[in-house]
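Student:
Residue numbers (my numbering): 7 to 261.
Dropping the structure here:
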């Protein structure tokens, strides 16, 4: 039954994604804010469809930790499934640019629609130059009032699995004195990666307290980020994390 639910969900996703992509392309002459809000509305719709079709209920905790005083932040989130994109787009209360691989622009129609949102597309094939691109473009996005959103694990991680966190996000935050909003979530328990099946259940997305970066070292900020997210996983996903020792992170993270 979980597989059938999954197929139905993906059919709805495909049927609605095509007109969304066409609309974004047609609306290119309009403001990027309009296109962004249209994309966010679709993301919220897909969250609701996941709840109705697959029984994937969800709750957002700690939303009061998002700043309301005009402060620009970098949102760094746990990443377990594609569901996370819909959740963060719906949850973040400000226009935000996701940082994603430029190769997505080559996907017919979808890629062109994604490009109209003017978010940050990084060419990972450039290696260290990709980080330089991120630093340069990230500063520009901040100056224009955007927030940035990234998945510091770099890829989807199965629930309960420990992994190293890439350092790019925290390094950028320290270099630009940008505060970080950490997010923990357990979406992989309902939406396993590389699987059609969708399991009914409650997904929790927990927004953590703002991490200040001004005047601090990268190692200190990175350790606080990782320890909060992984510590919160023990709270929201106790069955998979509760009997495991909290990971110790000493700055030995990947760039």
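Think of the CB as a built atom: it goes at the ideal place given N, C-alpha and C, for glycine as much as any other residue.
DSSP three-state label for residue 126, please.
Tutor: Note: residue 126 maps to strand in three-state DSSP.
Student: Mapping DSSP to helix, strand and coil, what is residue 65?
Tutor: Of the three classes helix, strand and coil, the one that applies to residue 65 here is strand, per DSSP.
Student: Measure the CB-CB distance between residue 95 and residue 45 and report whether it falls below 9 Å.
Tutor: Yes; because the gap between Cβ atoms is below 9 Å, this pair is in contact.
Student: Quick one, are the C-beta atoms of residue 195 and residue 207 less than 9 Å apart?
Tutor: Cβ distance < 9 Å, so residue 195 and residue 207 count as in contact.
Student: Here's the rule: buried if 16 or more other CB atoms are within 10 angstroms of the residue's CB, otherwise exposed. What is residue 130?
Tutor: Label assigned to residue 130: exposed.
Student: Tell me which residue opens and which closes the beta strand (DSSP E) that residue 81 is part of.
Tutor: Here the beta strand (DSSP E) through residue 81 covers 80-83.
Student: According to DSSP, is residue 153 helix, strand or coil?
Tutor: Strand at residue 153.
Student: Would you check if the distance between the CB atom of residue 145 and the CB atom of residue 127 is smaller than 9 Å?
Tutor: It is not a contact, given that the beta carbons lie outside the stated cut-off.
Student: Compute the Euclidean distance between the alpha carbons of residue 248 and residue 239, then round it to the nearest angstrom.
Tutor: When rounded, the distance between both Cα atoms is 8 Å.
Student: Considering Cα atoms alone, identify which of 143, 123 and 20 is closest to residue 35.
Tutor: Closest option to residue 35, Cα to Cα, is 123.
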